[in-house]
Amino acid sequence: MNKHKHHAHIDYKKRLLIFIQTDISDEDLRLLCKKVIDFQKNFIPTEDMRDFELMYSHLLGEPSEIRTPEYVIAPYFRIDKNTETYELNKRSILLTHELLTDEDPPLCACFAFSKSFLNSNPNIEKKILEDFSFINNYIIWISNSNTKVESVKNLNRIKNIVRILSNEGRNKVINLYGDYFSLLLSKVGLTGVNSGFGTSTKKIAKLSRGGGGGTTIRIYSPHIYNSLHKEEFKRLIDIYSESICDCDKCIEIKNGLKPNSHNFLDNYFELLNSNNNYEEHFILCRKKEKEFVEQNNLDFLISDLDSKGEKYEKHPNASHLQNWKDDL
Ligand SMILES: [Zn+2]
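Taking the working numbering, the leading residue of the sequence shown gets 250, the next gets one more, and so forth.
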């Protein structure tokens, strides 16, 4: 029974999961679409979300007062091996399209692919364009994908999905996975990424502050575009002393420390892991990366990956640099 059940995500902070059968009747699916449309149109940002935006407004800019949804996202279902789940998404998108009026925000289709589906359906992006010629906004989400460990072949697949869905700039394509590789995809048609702040800050920051001795701290290194465990980060600094972060937050932290003390890195980690320092460090790094990608052409960005790939060749968490370069 379970294999016929698939879940819909209606996501903002609280994730709503609905289990339905792929053979759900049109009548029931229409009712679900209607409720999802109403939920999104009437959604009011909570105080928590506003507090979060105000906390980081010195980095991200003032939040706007009035919020209306930019799109209505049709209910979507994880697309796994069988094409039945693709067909269910198709029905959901068509029904949502039917229910929307000219006064409503434009429709956005979200596709949550499994990797196995993508591998067995090499032309799905072309089919999507044919099936939904009335849609100009897409969100893609490839489950269990981590571009740091994907093969060049899989990276290529992601790049082609973006390139084809963007339809030479006619469509907006947003990736729900927002690492540096996704920023690079803006050069082949990606219009937006999600870095997770405000929705899953702690998870993205990859910091565990839990007590009880089992604390794992991972720190984002803008030099290799990857988050590293403390020991790995130390190893990076040992070999390349300049590879410590130079964002405004890290400069502020480092200025408060004795430069050559033997526990300099431990103290740096500890301070980075207190208050909202890590979040600020991450936002500043991501902002800088975004500007870097905007200001340079693809050839330059590829040569940057190439030289970083060579430089950090010996580091165990930097092999993705070469793969990204080979894909682009
Ligand atoms: Zn920093």
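Just so you know, even glycine gets a beta-carbon here, dropped at the ideal spot from N, CA and C.
ask   = In chain order, which alpha helix (DSSP H) runs of at least 4 residues are fully inside the region 303-381?
value = At a cut-off of 4 residues, the continuous stretches assigned as alpha helix (DSSP H) that sit fully inside the region 303-381 are 306-309, 333-348, 364-369, 373-380.
request  = Please confirm whether any heavy atom of ligand 1 lies closer than 8 Å to the CB of K483.
outcome  = Because no heavy atom of ligand 1 lies under 8 Å away, the Cβ of K483 does not count as near it: no.
query = Would the C-beta of H530 count as close to ligand 1, meaning under 8 Å from any of its heavy atoms?
reply = Checking the Cβ of H530 against ligand 1 gives yes.
ask   = Counting along the chain, where does the alpha helix (DSSP H) carrying H530 start and finish?
value = H530 -> alpha helix (DSSP H) spans 526-544.
query = Which runs of the alpha helix (DSSP H) fall wholly inside the region 473-531 and span at least 4 residues, in chain order?
reply = You should have 479-488, 497-504, 513-521.
message = Please state the DSSP three-state secondary structure of Y429.
response = Note: Y429 maps to helix in three-state DSSP.
message = On the criterion of 16 or more Cβ atoms from any shown chain inside 10 Å, does H511 qualify as buried, or is it exposed?
response = With fewer than 16 other beta carbons inside 10 angstroms of its own, H511 counts as exposed.
request  = Count the other CB atoms, across all protein chains shown, that sit within 10 Å of the CB of I500; report buried if there are 16 or more and exposed otherwise.
outcome  = Label assigned to I500: exposed.
task = Determine the DSSP secondary structure at N420, reduced to helix, strand or coil.
result = N420: coil per DSSP, three-state reduction.
ask   = If you run the structure through DSSP and keep just helix, strand and coil, what is F268?
value = F268 sits in a strand when the DSSP states are folded into three classes.
query = For G441, which beta-bridge partners are listed by DSSP?
reply = According to DSSP, which records beta bridges pairwise, G441 is partnered with I423.
message = Tell me whether K498, by its Cβ, gets closer than 8 Å to a heavy atom of ligand 1.
response = Relative to ligand 1, the beta carbon of K498 is positioned inside 8 Å of a heavy atom.
inquiry  = Excluding the 5 residues flanking L348 on each side, which residues of the same chain have their C-beta closer than 8 Å to its C-beta?
reply    = Contacts found: R279, C282, K283, I286.
ask   = What is the rounded straight-line gap between the Cα of G418 and the Cα of L433?
value = Put simply, the backbone Cα of G418 is about 15 Å away from that of L433.
inquiry  = Which residue marks the beginning of the alpha helix (DSSP H) containing I286, and which one marks its end?
reply    = Its alpha helix (DSSP H) spans residues 275-290.
inquiry  = Is the separation between the beta-carbon of L521 and that of K557 shorter than 9 Å?
reply    = No, the pair does not count as a contact, with Cβ atoms beyond the cut-off.
query = How big is the Cα-Cα spacing for P318 and N509?
reply = In this structure, the CA atom of P318 is about 51 Å from the CA atom of N509.
ask   = Between L533 and ligand 1, is the CB less than 8 Å from at least one heavy atom?
value = True, at least one ligand heavy atom lies under 8 Å from that Cβ.
query = Quick one: Cα of I269 to Cα of E352, how far?
reply = Looking at the backbone, the Cα of I269 and that of E352 are separated by about 30 Å.
query = Which residue from Y320, I391, Y527, E399 puts its Cα closest to that of V411?
reply = Among Y320, I391, Y527, E399, the Cα nearest to that of V411 belongs to I391.
inquiry  = On a Cα-Cα basis, can you pick out the residue from L554, I407, P565 that is closest to H478?
reply    = Among L554, I407, P565, the Cα nearest to that of H478 belongs to P565.
query = The beta strand (DSSP E) spanning S470 covers which residue range?
reply = First-last of the beta strand (DSSP E) with S470: 467-470.
query = Just how far apart, CA to CA, sit A361 and L506?
reply = Rounded to the nearest angstrom, the two C-alpha atoms are 45 Å apart.
query = Just checking my contact of K364 with N393 at CB under 8 Å: how many whole Å lie between their CB atoms?
reply = Going by Cβ atoms, the distance from K364 to N393 rounds to 6 Å, so yes, they are a contact pair.
P318 beta carbon near ligand 1 (any heavy atom closer than 8 Å) = Result no, Cβ not under 8 Å from ligand 1.
inquiry  = With distance defined between alpha-carbon atoms, name the residue in H472, D515, N504 nearest to K560.
reply    = Of the listed residues, the one whose Cα sits closest to K560 is H472.
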